[in-house]
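Here the working numbering is used: the first residue of the sequence shown is 9, the next is one more, and so on.
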Amino acid sequence: MRPLLKLMAAITVATSAFLPAALVNAADGARHTPASDMKAQHHTMETIGREWRKIGKALENKDAAAGMKATDTILRAAPNIEKFMPHRNPDKRDRFMDYYGMFLQQLIEFRTALAQGNIVGASAISGEAEKTCGRCHALFR
Ligand code: HEC
């Protein structure tokens with residue numbers, strides 16, 4: 009496996025222990041529980057939105073540790089995106105998963121830059137990642 013894929017797999021495994029029951033049901037193919045699925049994906053994105061604001065503040069304050077902490081919370085929540093059933097364009101699943109993969113990769117690059125104390129580099133990557141939020145929302149939100 010390529011290192012990035014290996015890391016992504018490790019993150020997915022590490023996260024699965026925290027998955028709420030609704031998402032475990034979704035993983036089992038229980039498509040007849042749309043209400044709880046919607047709640048779960050709403051909750052995941054709320055977490056990502058909240059932590060993303062913390063990241064903005066951390067960059068402003070040049071606080072790499074706070075930035076990494078928020079990024080780790082997003083990395084734990086992000087694999088839930090794989091189970092989303094978007095309200096719009098549900099037929100464009102491949103595009104959705106492309107954006108998800110891009111987002112994960114950018115988060116990992118962002119975290120790496122922060123770990124190196126490279127706030128300027130991290131800020132540039134966060135700008136790119138924010139474009140990925142926007143692209144995915146434009147089609148699927
Ligand atoms: C792979 C696609 C994708 C990416 C990437 C993505 N989002 Fe979302 N986001 C969605 C979808 C789909 C919804 C609608 C979820 C719902 O309401 O069921 C959403 C909803 C939201 C919401 C509203 C929460 C709610 O449901 O009330 C916020 C806030 C949000 N996203 C923030 C972000 C931020 C910030 C980023 C990037 C750092 C991001 N998202 C990246 C797909 C994505």
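Glycine residues also receive a C-beta, built at the ideal position from the N, C-alpha and C atoms. Note that the coordinates shown come from a computational prediction; the quantities given were computed from them, not determined experimentally.
**Request:** Let me know the alpha helix (DSSP H) ranges lying completely inside the segment 43 to 120, each 4 residues or longer, listed in chain order.
**Result:** 72 to 85
**Asked** Cα-Cα, which of 48, 67, 146, 134 is closest to residue 100?
**Response** Reading the sequence shown from its first residue, position 92 is the one you call residue 100. That would be 146, whose Cα lies nearest to the Cα of residue 100.
**Item:** Within 8 Å, strictly: CB atoms of residue 67 and residue 57
**Value:** Along the sequence shown, one-based indexing puts residue 67 at 59. Along the sequence shown, one-based indexing puts residue 57 at 49. No, these two residues do not count as a Cβ contact at 8 Å.
**Prompt:** Is residue 129 helix, strand or coil when you go by DSSP?
**Reply:** Numbered from 1 along the sequence shown, position 121 holds the residue referred to as residue 129. If DSSP states are grouped into helix, strand and coil, residue 129 belongs with the helices.
**Asked** Do residue 143 and residue 108 have their CB atoms nearer than 8 Å?
**Response** Looking up residue 143 in the sequence shown gives position 135. Looking up residue 108 in the sequence shown gives position 100. If you check the CB distance, residue 143 and residue 108 do not come in under 8 Å.
**Request:** Give a yes or no on whether the C-beta atoms belonging to residue 79 and residue 55 are separated by under 8 Å.
**Result:** Position 71 of the sequence shown, counting from 1, holds the residue named residue 79. Position 47 of the sequence shown, counting from 1, holds the residue named residue 55. Contact: no.
**Asked** Would you report the Cα separation of residue 46 and residue 84, rounded to the nearest angstrom?
**Response** Position 38 of the sequence shown, counted from the first residue, corresponds to residue 46. Position 76 of the sequence shown, counted from the first residue, corresponds to residue 84. Roughly 19 Å between the two C-alpha positions.
**8 Å Cβ cutoff met for residue 134 and residue 89** = As a position in the sequence shown, residue 134 is number 126, starting the count at 1. As a position in the sequence shown, residue 89 is number 81, starting the count at 1. Taking 8 Å as the cut-off, the beta carbon of residue 134 is found no closer than this to the beta carbon of residue 89.
**Item:** Anticipated Cβ contact below 8 Å, residue 1 with residue 137, distance rounded
**Value:** No information on residue 1 is available, as it lies outside the stretch 9 to 149 that the chain covers here.
**Prompt:** Going by the C-beta, is residue 76 closer than 7 Å to any heavy atom of the ligand HEC?
**Reply:** Here residue 76 refers to the residue found at position 68 when the sequence shown is read from its first residue. No; taking the cut-off as 7 Å, the Cβ of residue 76 has no heavy atom of the ligand HEC nearer than that.
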